[in-house]
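According to my numbering, the sequence shown is numbered sequentially starting from 21.
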Amino acid sequence: MLGTETDHNDDSRREEIVFGTTIDWEENRGGLERIGPLSDHMDHGIDTDTFAKLIEGGYVDPEETQNGGPTMQELLEFGDFAEAESEAVIVEYTGYMISPDRPDSRITITGIKLAMDGASRPIPDEIQDEFLDRFRKADEFTVDDDDNFARAWWD
């Protein structure tokens, strides 16, 4: 686990990268802060550039998986692929950050969401097909009826 092998997860810079601020972990219940709309510090997930910064900075282990899901590197690579295929696709990652005070301190991404900039446009077929091929076995998997929203989440 990355948090026990390096000092990176004791670094408040990881909080600034994700939330734009530092976290008062003494006030935080249980030492877990969600990354995404359920967070007290943000109303959306992180984008591909932010996810890449976390991996490059050593804050996320690229080989880590969430309960049988793809590796963190595979999630990032899919986001890069989707954004390269269409400038209109919006890729968002959700997950959680564990306090540096805990021995299991880390950042884990548990979900990926695709949407289109302009909700009436469908996700391009090539992106949607790749999303289905890679992530259909997620614990929760959704592609909306109009094909302009897709989500995969691992418990």
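Even glycine gets a Cβ: it sits at the ideal position worked out from N, Cα and C.
Leaving out the 5 sequence neighbours to the left and right, which residues in its chain are closer than 6 Å to Lys133 when beta-carbon positions are compared? For this step, residue 133 is matched to residue 113 along the sequence shown. Contacts found: Glu112 and Arg171.
Counting Cβ pairs, one atom from each stretch, are 3 or more of them under 8 Å apart for the segment 81-88 and the segment 36-44? no
Using DSSP's beta-bridge definition, name the partner residues of Tyr116. Within the sequence shown, numbered from 1, the residue matching residue 116 stands at position 96. Partner(s): Arg54 and Thr128.
Taking the straight line between their C-alpha atoms, what separation do you get for Glu84 and Trp173? Here residue 84 refers to the residue found at position 64 of the sequence shown. Here residue 173 refers to the residue found at position 153 of the sequence shown. Approximately 15 Å between the Cα atoms of the pair.
Best match in Phe151, Ser125 and Met117 for proximity to Met62 [C-alpha to C-alpha]: The residue you call residue 62 lines up with position 42 of the sequence shown. The residue with the shortest Cα to Cα distance from Met62 is Met117.
Does the beta carbon of Gly99 fall short of 7 Å from some heavy atom of the ligand PLP? With respect to the ligand PLP, the structure offers nothing, as it holds no ligand at all.
Alpha-carbon spacing of Phe151 relative to Arg54, whole angstroms: In the sequence shown, counting from the first residue as 1, residue 151 sits at position 131. In the sequence shown, counting from the first residue as 1, residue 54 sits at position 34. Each residue's alpha carbon lies about 24 Å from the other.
Can you name, in chain order, every residue of its own chain whose Cβ lies under 6 Å from the Cβ of Phe161, other than the five neighbours on each side? One-based indexing of the sequence shown puts residue 161 at position 141. Answer for Phe161: Ala172, listed in chain order.
Does DSSP put Ile66 in a helix, in a strand, or in coil? For the purposes of this step, residue 66 is taken as residue 46 along the sequence shown, with counting starting at 1. It is a strand residue.
Residue(s) in a DSSP beta bridge with Gly171: For the purposes of this step, residue 171 is identified with residue 151 of the sequence shown, where counting begins at 1. Here the sequence assigns Arg to residue 171, which means Gly is not the residue at that position. Answer is Lys133 and Thr162.
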